[in-house]
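As structure tokens, the structure follows; a few thoughts come after it.
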Amino acid sequence: MIVCGDDGNWNGSLPDCVPVDCKSAQSIENGTVAFTGTTFNHTAFYNCMPGFELVGPNLMKCNQSAEWEPYVPRCQGTFLYYICK
Numbered sequence: 772m773i774v775c776g777d778d779g780n781w782n783g784s785l786p787d788c789v790p791v792d793c794k795s796a797q798s799i800e801n802g803t804v805a806f807t808g809t810t811f812n813h814t815a816f817y818n819c820m821p822g823f824e825l826v827g828p829n830l831m832k833c834n835q836s837a838e839w840e841p842y843v844p845r846c847q848g849t850f851l852y853y854i855c856k
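Start counting at 1 in the sequence shown, then tack on 771, and there's your number in the working numbering.
Put into structure tokens, the structure is as follows:
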């Protein structure tokens, strides 16, 4: 805490402002993640490799608690069915 003293000067040290940093978002198997950045309000975009589909959100956002939200998606294999005649 800093207080204005009787002499008109601040007593105590000024706080340091540090950006909120979520670090890198979790990678996913059979998919990729791309970032606009890792600090507050930046986004991470998820995509799956061919033959897989994304289950969950395709983007997450860095929140004020330094966590990615809402949750990490996953890539699920797609199945092809052939009908024999």
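Note that the Cβ used here is the ideal one computed from N, Cα and C, for glycine as well.
Predicted, not measured: the structure shown is a model, and the values here were computed from it.
Secondary structure note for Y817: its beta strand (DSSP E) is the uninterrupted segment 814-819. Secondary structure note for V826: its beta strand (DSSP E) is the uninterrupted segment 823-826. Under DSSP, the beta-bridge partners assigned to T803 are N818.
With a contact defined as Cβ atoms closer than 8 Å, I799 and L785 miss out at about 42 Å. Secondary-structure assignment with DSSP links L785 through no beta bridge to anything.
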